[in-house]
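Top line first, the protein sequences correspond to chains Y and Z. Under the working numbering, the first residue of the first sequence is numbered 1, with each subsequent residue one higher. Under the working numbering, the first residue of the second sequence is numbered 1001, with each subsequent residue one higher. Backbone N, C-alpha and C fix where the C-beta goes; we use that ideal spot for every residue, glycine too. Model, not experiment: these values are computed from the prediction.
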Amino acid sequence: MTNHWVDFKNTDVALICGSNAAENHPVSFSWLQEARDKRGAKIISVDPRFTRTSARADLYCPIRSGTNLAFYGGMINYILANDRYHNEYIAHYSNAASIIKEGFSFDPETGLFTGYDEGRRAYTDRTTWDYERDAEGKVRKDLTLQHPRSVFQLMKRHYSRYTVEAVAQTCGAPVDKLRQVYELFTSTGQVGKAGSIMYAMGQTQFTSGSQNVRCMAIIQTLLGNMGLPGGGVNALRGHSNVQGSTDMALLFHLLPGYMPCPTTGMPTLEAYNATTPPAPAYWSNRPKWIASLLKAWYGEAANPGNDFAYDFLPKAQAGKNYSHLALFENLYNHQDLEGLFVWGQNPVVSGPNSNMESKAVENLKWLVCLDPFENETSAFWKRPGANPAEIDTEVFLLPVTTFLEKEGTVTHSGRLIQYRWKAVDGPGNVRQESFILDRLVKRLKALYAGSDQPQDAMIKHLTWNYPDPLRSQTDFIDAVMREINGRNLSTGKLVPGFGALQEDGSTDCGNWIYSGMYTEELGNRTQSRVLDDPGGWGAHPGWGFAWPANRRIIYNRCSADPDGKPWSEERKYLWWDGARWTGYDVPDFAPTMPPDAPLGKKPFIMMAERESRVFAIGALNDGPLPEHYEPVESPTHNVFNRRQNNPAYFTGTDGAKSLGDVEKFPLICSTWRVCEHWHTGALSRNMPWLAELMPESFVEIGEDLARERNIGNGEMVELVSARGKARAMAMVTPRAHMFEINGRNVHQVGLTWHFGFQGLVTGDIANNLTPHVGDANTAIPEFKAFLVDIRKVTS
Amino acid sequence: MSRMARLIDITRCTACRGCQVSCKRWNQLAGEIGAFTGSYQSHDDLSPGRWTMIKFYEEKKPGGEMAWHFRKATCMHCADAGCLKACPNEALVREENGTIRRIEENCIGCGHCVQFCPFDIPKVDEVAQKMKKCTFCYDRISNGREPACAKTCVPRAIVYGTWDEMAALADERLAQAQKLYPDSRIYGRDELGGLGVIYILPDTPAKYGLPEDPSLPFTLGLWKDVVHPFGKGLIGASLAATGLAFIISRRNAMKLKESAKLEEGGYDDEQQKNG
Ligand code: SF4
Ligand code: SF4
Ligand code: SF4
Chain Y
1 MTNHWVDFKN TDVALICGSN AAENHPVSFS WLQEARDKRG AKIISVDPRF TRTSARADLY
61 CPIRSGTNLA FYGGMINYIL ANDRYHNEYI AHYSNAASII KEGFSFDPET GLFTGYDEGR
121 RAYTDRTTWD YERDAEGKVR KDLTLQHPRS VFQLMKRHYS RYTVEAVAQT CGAPVDKLRQ
181 VYELFTSTGQ VGKAGSIMYA MGQTQFTSGS QNVRCMAIIQ TLLGNMGLPG GGVNALRGHS
241 NVQGSTDMAL LFHLLPGYMP CPTTGMPTLE AYNATTPPAP AYWSNRPKWI ASLLKAWYGE
301 AANPGNDFAY DFLPKAQAGK NYSHLALFEN LYNHQDLEGL FVWGQNPVVS GPNSNMESKA
361 VENLKWLVCL DPFENETSAF WKRPGANPAE IDTEVFLLPV TTFLEKEGTV THSGRLIQYR
421 WKAVDGPGNV RQESFILDRL VKRLKALYAG SDQPQDAMIK HLTWNYPDPL RSQTDFIDAV
481 MREINGRNLS TGKLVPGFGA LQEDGSTDCG NWIYSGMYTE ELGNRTQSRV LDDPGGWGAH
541 PGWGFAWPAN RRIIYNRCSA DPDGKPWSEE RKYLWWDGAR WTGYDVPDFA PTMPPDAPLG
601 KKPFIMMAER ESRVFAIGAL NDGPLPEHYE PVESPTHNVF NRRQNNPAYF TGTDGAKSLG
661 DVEKFPLICS TWRVCEHWHT GALSRNMPWL AELMPESFVE IGEDLARERN IGNGEMVELV
721 SARGKARAMA MVTPRAHMFE INGRNVHQVG LTWHFGFQGL VTGDIANNLT PHVGDANTAI
781 PEFKAFLVDI RKVTS
Chain Z
1001 MSRMARLIDI TRCTACRGCQ VSCKRWNQLA GEIGAFTGSY QSHDDLSPGR WTMIKFYEEK
1061 KPGGEMAWHF RKATCMHCAD AGCLKACPNE ALVREENGTI RRIEENCIGC GHCVQFCPFD
1121 IPKVDEVAQK MKKCTFCYDR ISNGREPACA KTCVPRAIVY GTWDEMAALA DERLAQAQKL
1181 YPDSRIYGRD ELGGLGVIYI LPDTPAKYGL PEDPSLPFTL GLWKDVVHPF GKGLIGASLA
1241 ATGLAFIISR RNAMKLKESA KLEEGGYDDE QQKNG
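Structure follows, in structure tokens:
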């Protein structure tokens, strides 16, 4: 999130789209309720079905799964066509006034931007997706926003196709509702008002998921909603610590702190550093962060003379994809993988095309699962339909503690790092994961201690001198946290923050964005529990530590006008007091840079142009401006351009081979969660009090479809897609819809994906149905929109 | 101690069912895994081991707009409590803080209270021969803590305080609620001498399974005022003649009803009455 949970109380309008916040993030509703009580805030729910969130919303608008981008495109058009944008804000704080190179274009006939190579299914030439520069290399601008090649005018033309009527046709939304949503949300473009967008996997798990997220950033920039209380683009993350896991780079393409993963194209540290964004982007400090990271990992073995042991880092093959989709495809095709450690995951239930992925697991020689329960992944060899006699995988199940039985930090969606203490000991011999990791690393290091093979050096030299967690888990975690925070290696003292990190090897730091969480002066700030709230905005700076630098709202320089004065008294948050930036939060800006300095009016400090990129310069694989494409399995044609699907979506080797069409699979389907279960259900389906609340897997279907197919409420049905089948109980409800899409009626259904064959309550795995294709940029699977058929189970 | 109460504001409940779990956790009641009910609602009704639950009410309005509301069902701890009046064995008492408390030793599981509760709250555990219902977390509230269900409620749909405070808060909440649901109203403040649960309802009580105008039957008054005043020692003859006979026959009828239920698969499997 750019903002944080408590901040929802400051909003005037909350747009909940692609999230079922009331059910899946109940705490958000306590703050939304406060916004409603105290500010008269309005809540909008946009969702394919009427959910518990919709039930508590002021305005509900249904859209069919897979059409977020059309919905947002319509909103962008509405803003631009009706002058709902915040003119001064976008002229100064975004690249709307920048002029784009001649030659850049988008052709609705082909559905492509310039630079696409059909053979490689990729935009191989992105040179025109760039600014026009003057002789000194400065970006050419037109602050009046009138130049025909200004980003503003390009966007205006691009989105003019997204009329309310066209969007309604594609989304299957009632025109009047759509208009009401646009009108209400864009009212937050007025000075003194703020609107928040709340989203979750209902935005991201699509072949155009990244572009959906970009839409939200564009809208919030146009409305001037970034960087101020009650605004922002707010991802409600799906686990208590999934923010922490991405921060620490439990992802295939990153190192901790969102630094890129080295590839074979960057064989030396110099080559790696050459990819650093140029100054004045704050990212230009990256060489300091990578040097400090390498010092944290390799200690004495990392020094300026050997590139800080950069060689030890594994290099991804340039151009090769290592995502979940690719990994399981490789495994399925007997490539690359022999063994697998599964921590805090249950891919047999959570992965797409579960039939294929669980079959793939059979090709492993060994599998180590760490979980409090024997979940579907560790029990894959006895899943329905499998023959244990034919499966040679050796499976190790290491029982681990649950969240109440371990200690350490979790980082929630608001980037807030909070220490949690253990409530009770786990049963028997269970251990927390970090203990197991410690023992694993020590065992590996012992095995390689005598080796002088160069490829083993990365294990031999890995620093691992933490106190033994068997004696004290607390001391072990303390040492790890100090290393993550970073130290001055000559004094041995903790650094006060990432500003102190150096490129010369004199500091170490395990994750630059977490630097400052543990300081000499303030101790372990993640343990701090001070409730003070200066300004009353709910920032609570003394409660835990929010990265970066304890900022609660990022881009908060935007809460003041270009001259440093608050845009309005009502939303006074950060301002220039003549000598420094002051207010109720840590400035996301150089603290003493005056507004009249050359960069003093440029709040987006991570970017080279220090502006919000409503036009994404060269960055994304599927275009610099979001454009609607249909989900890979869709019941209709794309009306916005002549290309049906995202031109660069991730197909992998097998994904595209098992797709179905609307003739055979006429219903739109999506998967979703319920409040009562937790992810793959490994915990909640083993917990009687939760299991009783939702004892069976169910599919929500509309009354019309139920009538057509003669399905009664509470009867068992079977869903079938091109990948597989799943049975579930039918919940016939007027809350599920039939959509009129491009003149044709199409039913939408959807089911929970919390079920599997293990636990106190069991059910078919919903992901038997989902396709093995993913987003063009992240390869996140398209879990949320695909085609199925349904039949009543009579036998 | 003053009379205590819960305000249950349906217009804020998001049906997270934290209260349902929290009640079981505090009172250490076993999970009761039943079959799919055809709705989000977990079971058809309360049971001896389920003292509170969220009931789901789905409604398609004439204009096509949807409404979906969630009512936490629980003992109301009525000022004028039918259960207490009906109990022949002094197993129910009114505490100073308003709790209608059951005395374990005295309860014979006769189920007479079931008959006379206007809200269908008490449930008889046939094996233990005891009636069970929400205790108002008497153990917590008499030690200065709020009920477990109120504590867990994230959007503050359940609020706990003195009856007077809750009665006043109801006006404030009603004003808020009416902005979103114009037909909202207060329920329980005036009913039956003031209930220990004051609801903010988005619409008419009947839509959420509540009697519009709850009252106690005339016969209950008779039982209480005519039969009971003789006192326990003197009750013999007249009780044998009227009350006891009634209780026994009632109990036998109940037994039949309960065992029929068990044969069908028990409370948990009662299906689909809810929408
Ligand atoms: S805890 Fe509160 S919000 Fe959740 S179901 Fe109970 S009353 Fe409703
Ligand atoms: S709701 Fe029923 S059980 Fe509870 S006090 Fe009132 S009459 Fe008695
Ligand atoms: S007051 Fe206590 S016993 Fe009654 S419903 Fe709430 S948690 Fe359960």
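What whole-angstrom Cβ distance do residue i and residue j have, given they're in contact under 8 Å?
| i | j | result |
| --- | --- | --- |
| Tyr258(Y) | Ile605(Y) | Tyr258(Y) to Ile605(Y), Cβ: 14 Å. No contact. |
| Met1166(Z) | Asn1097(Z) | The Cβ separation is near 13 Å, so there is no contact. |
| Gly756(Y) | Glu394(Y) | That pair is no contact at about 22 Å. |
| Gly414(Y) | Trp5(Y) | 5 Å |
| Pro256(Y) | Thr275(Y) | Not a contact, Cβ separation roughly 17 Å. |
| Trp289(Y) | Trp512(Y) | 4 Å |
| Leu659(Y) | Ala722(Y) | 6 Å |
On the CB-based measure, 16 or more other CB atoms within 10 Å of its CB, does residue i come out buried or exposed?
| i | result |
| --- | --- |
| Asp134(Y) | exposed |
| Thr207(Y) | buried |
| Thr268(Y) | exposed |
| Leu1256(Z) | Because the pLDDT of Leu1256(Z) is 42, which lies under 50, any placement of that residue in the model is unreliable, and the question is left without a value. |
| Leu236(Y) | buried |
| Val1226(Z) | Because the pLDDT of Val1226(Z) is 48, which lies under 50, any placement of that residue in the model is unreliable, and the number read from its coordinates should be weighed accordingly. Exposed, by the Cβ-count rule. |
| Asp438(Y) | buried |
| Met481(Y) | buried |
| Lys601(Y) | buried |
| Asp588(Y) | buried |
| Thr671(Y) | buried |
Just how far apart, CA to CA, sit residue i and residue j?
| i | j | result |
| --- | --- | --- |
| Leu112(Y) | Pro647(Y) | 8 Å |
| Gly1100(Z) | Asn10(Y) | The displayed chain sequence assigns Ile, not Gly, to residue 1100(Z). Whole-angstrom Cα-Cα distance: 41 Å. |
| Glu1090(Z) | Lys1061(Z) | 47 Å |
| Asp7(Y) | Ala194(Y) | 11 Å |
| Asp12(Y) | Gln455(Y) | 57 Å |
| Arg39(Y) | Lys1179(Z) | 13 Å |
| Lys493(Y) | Glu520(Y) | 7 Å |
| Gly1031(Z) | Tyr1199(Z) | 27 Å |
| Gly1236(Z) | Trp1163(Z) | Low confidence applies here, because Gly1236(Z) scores a pLDDT of 43, under 50, leaving its location unreliable; read the following figure in that light. Roughly 39 Å separates the two Cα atoms. |
| Glu390(Y) | Pro384(Y) | 14 Å |
| Cys1013(Z) | His239(Y) | 23 Å |
| Pro771(Y) | Asp654(Y) | 10 Å |
| Ala57(Y) | Leu32(Y) | 10 Å |
| Val699(Y) | Arg709(Y) | 14 Å |
| Asn387(Y) | Phe380(Y) | 10 Å |
| Leu367(Y) | Gln220(Y) | 45 Å |
Find the residues of chain Y that neighbour residue i, judging by a C-beta separation of less than 8 Å, and give them in chain order.
| i | result |
| --- | --- |
| Met1066(Z) | Phe50, Ser54, Ala55, Tyr60, Pro734, Arg735 |
| Arg1025(Z) | Trp689 |
Quick one: is the Cβ of residue i within less than 7 Å of any heavy atom of ligand 5?
| i | result |
| --- | --- |
| Ala1073(Z) | What this structure holds is ligand 1, ligand 2 and ligand 3, not ligand 5. |
Can you name the residues of chain Z whose CB is closer than 8 Å to the CB of residue i?
| i | result |
| --- | --- |
| Gln33(Y) | Arg1012, Pro1155, Arg1156 |
| Phe698(Y) | Phe1036 |
| Pro372(Y) | Neighbours of Pro372(Y) on chain Z: none; closest Cβ ~17 Å, over 8 Å. |
Would you mind telling me which residues of chain Y sit closer than 7 Å to residue i, beta carbon to beta carbon, in chain order?
| i | result |
| --- | --- |
| Gly1031(Z) | Pro688, Trp689, Ala691, Glu692 |
| Ala1015(Z) | Arg52 |
| Lys1060(Z) | Pro734 |
Open item on the list: Pairs of beta-carbons, one from the stretch 1136-1148 of chain Z and one from the stretch 36-46 of chain Y, closer than 8 Å: are there three or more?
Closed with: Contact fails between the stretch 1136-1148 of chain Z and the stretch 36-46 of chain Y, because fewer than three Cβ pairs, one in each stretch, are under 8 Å apart.
Open item on the list: I'd like to know if the stretch 1173-1186 of chain Z and the stretch 779-794 of chain Y are in contact, where contact means that at least 3 CB-CB pairs between them fall below 8 Å.
Closed with: Short answer: they don't touch.
Open item on the list: Using 8 Å as the cut-off, can you tell me whether the stretch 74-81 of chain Y makes contact with the stretch 152-164 of chain Y, which would need three or more C-beta pairs spanning the two stretches below that distance?
Closed with: Contact between the stretch 74-81 of chain Y and the stretch 152-164 of chain Y is present, because at least three Cβ pairs lie under 8 Å.
Open item on the list: Pairs of beta-carbons, one from the stretch 1121-1132 of chain Z and one from the stretch 1043-1050 of chain Z, closer than 8 Å: are there three or more?
Closed with: Contact between the stretch 1121-1132 of chain Z and the stretch 1043-1050 of chain Z is present: 3 or more CB-CB pairs across the two stretches fall below 8 Å.
Open item on the list: For the pair the stretch 430-450 of chain Y and the stretch 396-409 of chain Y, tell me if three or more CB-CB distances fall below 8 Å.
Closed with: Touching, per the Cβ criterion.
Task: the stretch 682-697 of chain Y in contact with the stretch 311-322 of chain Y per 3-pair CB rule at 8 Å - done: At 8 Å Cβ cutoff, the stretches do not touch.
Open item on the list: Contact between the stretch 209-228 of chain Y and the stretch 526-543 of chain Y is defined here as three or more beta-carbon pairs at a separation below 8 Å; is this criterion met?
Closed with: With a cut-off of 8 Å, the stretch 526-543 of chain Y and the stretch 209-228 of chain Y do not count as touching, because too few Cβ pairs lie within range.
TODO: For the stretch 1203-1217 of chain Z and the stretch 81-97 of chain Y, state whether three or more C-beta atom pairs, one from each stretch, are separated by less than 8 Å.
DONE: Taking 8 Å as the limit for Cβ pairs, the verdict is that the stretch 81-97 of chain Y does not touch the stretch 1203-1217 of chain Z.
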